[in-house]
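Which chain is which? The protein sequence lines are A and B, in order.
Take 6 as the starting number for the first sequence in this note's numbering and just add one per residue.
Take 6 as the starting number for the second sequence in this note's numbering and just add one per residue.
Number of protein chains: 2
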Amino acid sequence: MTDPTAPRYDVIAIGNAIVDVLSPCDDATIAELGLNRGGMALIDADRARTIYAAMGPATERSGGSAANTLAGMAALGARCAFVGQVAQDQFGDVFRHDINAGGIAFDTPARAGDVPTGQCLILVSPDGERTMNTLLGAGQFLHADAIDDALIASAGILYLEGYMWDPVEPRAAMRRAMAAARAAGRIIAFTASESFIIALHRDDFLGMIADGMIDILFVNESELATLTGEDDFEAGLAAVAGKVPVLVATRSEKGAVAIAHGTRAEVAAEPVVKVVDTTGAGDQFAAGFLSGYVKGEPLERCLKRGAICASEVIAHYGPRPEADMQALMAERL
Amino acid sequence: MTDPTAPRYDVIAIGNAIVDVLSPCDDATIAELGLNRGGMALIDADRARTIYAAMGPATERSGGSAANTLAGMAALGARCAFVGQVAQDQFGDVFRHDINAGGIAFDTPARAGDVPTGQCLILVSPDGERTMNTLLGAGQFLHADAIDDALIASAGILYLEGYMWDPVEPRAAMRRAMAAARAAGRIIAFTASESFIIALHRDDFLGMIADGMIDILFVNESELATLTGEDDFEAGLAAVAGKVPVLVATRSEKGAVAIAHGTRAEVAAEPVVKVVDTTGAGDQFAAGFLSGYVKGEPLERCLKRGAICASEVIAHYGPRPEADMQALMAERL
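The following block contains the structure:
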């Protein structure tokens, strides 16, 4: 007999449903546009027109941080489901096709009306650094009613994207999903996404951590500093490590650290012949880490998986893996 | 004083305004879908849904044969203008942005209504061969009224895409443009595009050739055979060569031949380390050839330029150049 409490999915994620518009760009253009090189900014339609007009010929690909992570996990064989809001338009069709084509369940209905599917204008510098400008579009209207509690309960891990904490409706949707996951005894993972999100909602995040609502927290160096107020990396780690069961802190080319239940592990960054585009690096690190975590692998091996996935995605354009990830993992792990 | 008859543009093209949806694909899927591997088929919306559902995660890029050729010519420094029909939708915005971002003038207004901007579903086989499935969309409604005779007269060469000869309205638009170009004493170039187009409209093409309406004709081996009824390549060349001032016949990895005003030149294919995606090979060959032709270069040098452009585009995904083409040309010509 099947165990009725066994999860149907390894992970379900709630995140931005967005199409990336990627174009190579020199740093002078980034400066002229007044963009924060390497960061992410939320923009409105007018600003989007200005930035898009300054960009060269572009490539469109499905993106969204948590969706990218699921694409990476699915490529490694995990069973995945996604919750996010697209509109009834061409970018919405593209996003849904690419998610489904990756073998990921995605049943949130498209939203009618004039608000388009979200897009992220990404300027890629010659050194591979990406500067992101996000028009949230329909994604900001993901409503709590779109959360199916039974679906949330059917996944071993609920993975939440920090970018979605800023707009009011998705925040309520994520709170509902967290309650459903807790009620079902599932693991809740949260990725901080961006320092300005932490800065805007620091009390929320600290409150959720204090309330034991976050089991796995993903941060990068700068997000950790914003969250803890500690500029020193080690001091930042010390300030959070005891408060979440699993803390994963990434440091780009300096590798990553994880502290789980008092145990610490570290990994160096994997070598990359040429960094082409760092879009998706953090998302794929999380994918690799979680792909090991769901199998109960040791912490250091989970980190190594993360580093391998990140090194694959930064070696080509676009935020989702292109290599045969199971073969790559078999070879390099 | 400026010469009032000097053209403002080197070339103006009329062609499909389309976004390509590219995805790697194994040959079994191409067989299951009943597709003609390596060819182009016109499809309706139902068929598009079936094919798209069978495709893996994809990348979207602006395409369209003549538009690709202009992108290549513009990258080589030519002054270009485009005429084509997009709809008022996201793919229309993408197409217009990418054309404009390449420095190409494009003023045809977007079409209102429910018919979307055209798209081409492209399945790329492991050996790089592409199989194209085109949903013409708004492009089939390019109307003769969209042709500005003065704009046509302002370009040294009018370049016409054979794919657009099949739908009725664009055919009328192209006939009007040819008349305007002839009246202004401009050169008319025609690319045959695909054998089935030639098969459907052979009498039209033979009639235009007989009437002296085509100055430069681009064909590949199979199109030449369909046009002339000669299976032998040399016999095919002999059947057309005297009837058009310039004949350019491409043969993929076997190189290309041009016969102009009785003079014959040949070129071998340029070496390519790995063929990734042949989408745009013929379009970029034409771009390279014409970039030399507009400068009055010798026939063999025009062919060599075509071969260099084709070799660049088949070494990466997508139908338009990604390298610094002027630098590449300076190095390899």
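Virtual Cβ for every residue (Gly too), placed ideally from N, Cα, C.
Bear in mind the structure is a predicted one, so any value in this text is a computation, not a measurement.
- Non-local C-beta neighbours of B:L333 in its own chain, meaning closer than 8 Å and more than five positions away in sequence, comprise I313, E317, ordered along the chain.
- Annotated three-state conformation of B:G44 is coil, per DSSP.
- With contacts defined as CB atoms closer than 7 Å, B:L163 and B:I157 qualify as a contacting pair.
- Look at B:Q145 here: in three-state DSSP terms it is helix.
- Across the structure, A:I48 and A:M213 are spaced so that their CA atoms are roughly 28 Å apart.
- For A:T64, a Cβ of chain B is located within less than 7 Å of the residue's own Cβ.
- Using beta-carbon distances, A:D236 does not count as an interface residue toward chain B, since no partner is under 7 Å.
- Between the alpha carbons of B:E134 and A:A155 lies a distance of about 45 Å.
- When the Cα atoms are used, A:Q95 and A:A117 turn out to be separated by approximately 13 Å.
- Distance from the CA atom of B:R256 to the CA atom of B:S198, rounded to whole angstroms, is 14 Å.
- Against chain B, the beta carbon of A:P121 has neighbours under 8 Å at Q95, listed in chain order.
- In the DSSP assignment, A:C307 falls within the unbroken alpha helix (DSSP H) covering 304–318.
- By alpha-carbon distance to B:P62, the top candidate from A:G77, A:K279, A:V253 is A:G77.
- Boundaries of the alpha helix (DSSP H) harbouring B:R337: 330–337, taken from the DSSP string.
- With 16 or more neighbouring CB atoms inside 10 Å of its own CB, B:T136 falls in the buried class.
- Of the residues B:E302, B:P276, B:I109, B:L252, the one whose Cα lies closest to the Cα of B:K259 is B:P276.
- With the criterion set as a beta carbon lying under 9 Å from some beta carbon of chain B, the members of the stretch 98–111 of chain A are D98, V99, H102, D103, I104, N105, A106, G107, in sequence order.
- Counting other Cβ atoms within 10 Å of its Cβ, A:V224 reaches 16 or more and is therefore classed as buried.
- Taking 7 Å as the CB threshold, A:G133 stays off the interface with chain B.
- Below the 7 Å Cβ cutoff, chain A contributes A106 as neighbours of B:M60, in chain order.
- If you look at B:P326, you'll find it isn't in any beta strand (DSSP E); DSSP assigns it neither H nor E.
- Nearest in C-alpha terms to A:E239, of all of A:S70, A:E271, A:R66, A:M218, is A:E271.
- Close to chain A, meaning a Cβ-Cβ distance shorter than 9 Å, are the following residues of the stretch 310–329 of chain B: Y322, G323, R325, E327.
- The beta carbons of A:A92 and A:C85 sit no closer together than 7 Å.
- The C-beta separation of B:W170 from B:D209 comes to about 7 Å, placing the pair in contact by the 8 Å criterion.
- Counting C-beta pairs with one atom in each stretch, the stretch 319–335 of chain A and the stretch 63–70 of chain A have three or more that are closer than 8 Å, which means they touch.
- Straight-line spacing of the CA atoms in A:V173 and A:G20 works out to 14 Å.
- The Cβ atoms of A:D25 and A:C125 sit closer than 7 Å to each other.
- Counting only residues of its own chain and dropping the five nearest sequence neighbours on each side, B:S130 has a CB closer than 6 Å to the CB of D32.
- Per DSSP, reduced to three states, the secondary structure at B:A184 is helical.
- In this structure B:G89 touches B:G144 by the C-beta definition: roughly 6 Å separates them, less than 8 Å.
- At least 7 Å separates the beta-carbon of A:A178 from that of A:I203.
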